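To start, the structure under review is shown below, and the notes come after it.
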Amino acid sequence: MKRACGMEMTAVLVIFTILAVSHSFATRLKYGPDEPAHFIYIRSIATTFSLPPIAHKETPSERFVETHEGHQPPLYYALMAIPFALAKLLGADNTTIWRILRLANIPIGVAWIWTVYLLAKEYFGTSRYAAVVAGFVALIPTGCYMAGVINNENLITLLFTWALVFLLRFFKSGMMSRRESVSVGILIGLAILTKAQGFVLVFLLIVAAIAAFLRVGRAQFREVITRACVSLILAAAVSGWWFVRNWLVH
18 MKRACGMEMT AVLVIFTILA VSHSFATRLK YGPDEPAHFI YIRSIATTFS
68 LPPIAHKETP SERFVETHEG HQPPLYYALM AIPFALAKLL GADNTTIWRI
118 LRLANIPIGV AWIWTVYLLA KEYFGTSRYA AVVAGFVALI PTGCYMAGVI
168 NNENLITLLF TWALVFLLRF FKSGMMSRRE SVSVGILIGL AILTKAQGFV
218 LVFLLIVAAI AAFLRVGRAQ FREVITRACV SLILAAAVSG WWFVRNWLVH
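Here's what the structure looks like:
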């Protein structure tokens, strides 16, 4: 059974990769959702080691210095700045760099499908159903399309789904180990540093903690609260600097 499910998931990930690569090459460069704006942000970090100015209207071309995506948290763009800088160092032109950045997004999408499998396995308790769910999600056109273009949606979906795996386990069992509470805190912090939607995970953590308390009762109340607080403190430690920086700058 495990071997069969392993083969099924391998097939799902391979198919998703093929679809994402196909979409990446079929979609004209610069025509992904807000691609020029995302490209400007990445280029600014890679070439000037600074965040770009915020544009107050849509950025139609990568020739601009400012970008209407400049308000976004920086994690995704900092990660993509690494292949950008390496490609630039090797003398690649803008077209080649754009293609490289698109391809660099695909592994993030593949990892997201794997976390979908883990989340479904946590929910259903069986690998077979989890593989079916992952296969269904992998075949949704928007998912493989977005994995093939430059967009911070790729990273937020990965981090969000990964955090949900731990939160669902906490919700169901009423318990969370020390390692899991640390993992949840880091993932929530990274998600917030990727996109504002990451804040939803804070609410979900609180909901899971309340459900855990109702499940285990007062006997383990302190442990439940401690684990949840560790996660919240770590999330604040990972992402808090971004908001302090914005308060000081703006």
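Converting from the sequence shown to the working numbering requires adding 17 to each position, the first position being numbered 1.
C-beta: ideal position from N, C-alpha, C; glycine also.
Nothing here was measured: the structure is a model prediction, and the numbers come from that model.
| Taking DSSP as the reference, what is the three-state secondary structure of Ile223? | Sequence index remark: in the sequence shown, residue 223 carries index 206 (1-based). Note: Ile223 maps to helix in three-state DSSP.
| task | Can you check the region 135–159 for any alpha helix (DSSP H) of at least 4 residues that lies completely inside it and give the ranges in chain order? | result | 144–155
| What is the residue span of the alpha helix (DSSP H) that Thr65 lies within? | Residue 65 sits at position 48 when you count from the first residue of the sequence shown. First-last of the alpha helix (DSSP H) with Thr65: Glu52 to Thr65.
| message | Looking at the strands, I want to know which residues DSSP matches up with Thr84. | response | Taking the first residue of the sequence shown as position 1, residue 84 is located at position 67. Partner(s): Ile71.
| field | Given 8 Å, three or more beta-carbon pairs between the region 230–237 and the region 169–184 | value | no
| Ile130: which of Ile117, Val247, Glu25 and His267 sits nearest, CA to CA? | Indexing the sequence shown from 1 puts residue 130 at position 113. The shortest C-alpha separation from Ile130 is found at Glu25.
| said: On the CB-based measure, 16 or more other CB atoms within 10 Å of its CB, does His40 come out buried or exposed? | reply: For the purposes of this step, residue 40 is identified with residue 23 of the sequence shown, where counting begins at 1. So His40 ends up on the buried side.
| request: Can you tell me the Cβ-Cβ gap for Ile125 and Leu68, rounded? I've got them flagged as a contact below 8 Å. | output: In the sequence shown, residue 125 corresponds to position 108, counting from 1. In the sequence shown, residue 68 corresponds to position 51, counting from 1. At roughly 21 Å, the Cβ-Cβ gap does not stay under 8 Å, so Ile125 and Leu68 are not in contact.
| query | Hey, quick one: how far does the alpha helix (DSSP H) through Val182 stretch, first residue to last? | reply | Locating residue 182 in the sequence shown gives position 165, where the first residue counts as 1. Where Val182 is concerned, the enclosing alpha helix (DSSP H) stretches over Glu170 to Ser190.
| said: For Ala225 and Arg195, what's the separation of their Cα atoms in angstroms? | reply: Numbered from 1 along the sequence shown, position 208 holds the residue referred to as residue 225. Numbered from 1 along the sequence shown, position 178 holds the residue referred to as residue 195. Those two C-alpha atoms are separated by around 16 Å.
| Beta-carbon proximity list for Ile71, same chain, < 8 Å, skipping 5 on both sides | Locating residue 71 in the sequence shown gives position 54, where the first residue counts as 1. Closer than 8 Å at the Cβ level, and outside the excluded window around Ile71, lie Glu83, Thr84, His85, Gly87 and His88.
| message | Classify Cys246: buried if its beta carbon has 16 or more other beta carbons within 10 angstroms, exposed otherwise. | response | For the purposes of this step, residue 246 is taken as residue 229 along the sequence shown, with counting starting at 1. Per the 10 Å Cβ criterion, exposed.
| request: Name the two residues that bound the continuous alpha helix (DSSP H) containing Lys105. | output: Taking the first residue of the sequence shown as position 1, residue 105 is located at position 88. Counting along the chain, the alpha helix (DSSP H) containing Lys105 begins and ends at Leu92 to Leu106.
| request: Assuming Pro100 contacts Ser78 (C-beta within less than 8 Å), just tell me the rounded distance between them. | output: By 1-based counting over the sequence shown, the position of residue 100 is 83. By 1-based counting over the sequence shown, the position of residue 78 is 61. Pro100 to Ser78, Cβ: 21 Å. No contact.
| task | For Asp110, verify whether its CB is less than 6 Å away from any heavy atom of the ligand ADP. | result | This structure lacks the ligand ADP, and indeed carries no ligand of any kind.
| query | Hey, quick one: how far does the alpha helix (DSSP H) through Ser256 stretch, first residue to last? | reply | Within the sequence shown, residue 256 is the residue found at index 239, counting from 1. Ser256 -> alpha helix (DSSP H) spans Phe238 to Val266.
| message | Can you give me the C-alpha to C-alpha distance between Val233 and Gly191, rounded to a whole angstrom? | response | Position 216 of the sequence shown, counted from the first residue, corresponds to residue 233. Position 174 of the sequence shown, counted from the first residue, corresponds to residue 191. Between Val233 and Gly191, the C-alpha separation is close to 6 Å.
| Cα-Cα, which of Ala228, Ala252 and Gly165 is closest to Ala208? | Counted from its first residue, the sequence shown places residue 208 at position 191. When only C-alpha atoms are compared, the closest one is Ala252.
| query | Under 7 Å, do Val241 and Ala229 count as touching if we go by C-beta distance? | reply | Numbered from 1 along the sequence shown, position 224 holds the residue referred to as residue 241. Numbered from 1 along the sequence shown, position 212 holds the residue referred to as residue 229. Yes, the pair counts as a contact, with Cβ atoms nearer than the cut-off.
| query | Nearest CA to the CA of Ser200: which residue from Phe141, Trp179, Gly215 and Ala213? | reply | In the sequence shown, the residue the question calls residue 200 occupies position 183. Taking only the C-alpha atoms, the option nearest Ser200 is Trp179.
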